[in-house]
Amino acid sequence: MTHNDSRLATHPEGQRPFKVYKPCDISLPMPAVPDDYYNPTATDLKKAQSVLAARTQSLVNAPLQTRAMRDSTEKVKREKWPYTTIRVRFPDRTQLEAVYSSSDKIKSVYAFVRSCLKEDVKPIKFILYQSPPKRDLKVSDPNVRDLSLSELQLSPSSVLLLRFESEELNSTSYSAPLTPDILAQAIDLPLPPTYESTSSESRDRSSSQLPQPQPQERKAPKWFKLGLKKAT
């Protein structure tokens, strides 16, 4: 989703365009897939190796990076992903999505989410976090508060979970305490791509990238050529 998506709803206070997704039906049966679905293709293995190599190199270089080098790396990331899409998932699986500048701090996400809550819930504290592995993104934590969304590794898009201090609000049966006018704009969560479409695309990509055998000229052996010369 881009920051100028015309399908985005508008916040009542005009603060920020957003989307609200209805709780997905987790009882939907998983589509059946053949056994070979889990067998990685040559393309999959190549991508996995590239990711692993990049992560390893990043860990090796991290202690050697100066502040200037880190700033340069972050600048490249901001130029590549100037906007960050954050989707906040409530305990009942309702999701509130908005787009922020990648240079924004996490407090911008907190402020927007709080502005969408019902008046009686706004005073109640909540925490945004990631899982797994679990990582609390507390505004009170200077290691979180002072970093941009890009520096928090949330760009270009991330899903954050929400946990209220009130356990009652954390029940999966408790409807997301968003304002009625915001909930009225909720839409269905897009369905994931089907196995047929993803597998056919993967096969097409793999076959197009595999080297094709080239026809080779068949040459007669030397002893055969010598025999022909003697015969003539």
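With this note's numbering as the guide, the letters of the sequence shown map in order to residues 95 to 326. In this text, a Cβ means the ideal position worked out from N, Cα and C, and glycines have one as well. Note that the structure is a prediction, hence the values are computed from the model and not measured.
- Query: Leaving out the 5 sequence neighbours to the left and right, which residues in its chain are closer than 7 Å to F184 when beta-carbon positions are compared?
  - Reply: L256 and A270
- Put T137 into one of helix, strand or coil per three-state DSSP. helix
- Message: With a threshold of 8 Å, are at least 3 pairs of Cβ atoms found where one atom belongs to the region 237–255 and the other to the region 200–212?
- Response: yes
- Message: Cutting at 7 Å between CB atoms, please list the residues of its own chain near K216, excluding the five before and the five after it.
- Response: R208
- Message: By the three-class DSSP mapping on this structure, what secondary structure does M95 have?
- Response: Bear in mind that a pLDDT of 45 at M95, under 50, signals an unreliable position, so the number given afterwards is only what the model happens to contain. If DSSP states are grouped into helix, strand and coil, M95 belongs with coil.
- Message: Let me check one thing: in DSSP terms, what residues is R183 bridge-paired to?
- Response: Q189 and L255
- Message: Could you compute how far the alpha carbon of A192 sits from the alpha carbon of D165?
- Response: 26 Å
- Message: Output needed for V114: all residues of its chain with C-beta closer than 8 Å, excluding positions within five of it in sequence on either side, in chain order.
- Response: A103, T188, Q189, L190, E191, L272, I276, L277, Q279, A280 and I281
- Message: If the criterion is Cβ atoms closer than 8 Å, does the pair S195 and S249 meet it?
- Response: no
- Query: Per DSSP, which one or two residues make a beta bridge with R208?
  - Reply: DSSP lists no partner for R208.
- How big is the Cα-Cα spacing for P226 and S252? 13 Å
- Minimum Cβ-Cβ distance from L254 to chain D less than 8 Å: Considering every chain present, this structure includes no chain D. It has just one protein chain.
- Does the Cβ of M95 have 16 or more other Cβ atoms within 10 Å, making it buried, or fewer, making it exposed? Reliability fails at M95, whose pLDDT of 45 lies under 50, so the model's placement of it is uncertain and no value is given.
- L283 - DSSP class collapsed to helix/strand/coil: coil
- Would you decide whether T178 is buried or exposed? Buried here means 16 or more other CB atoms lie within 10 Å of its CB. buried
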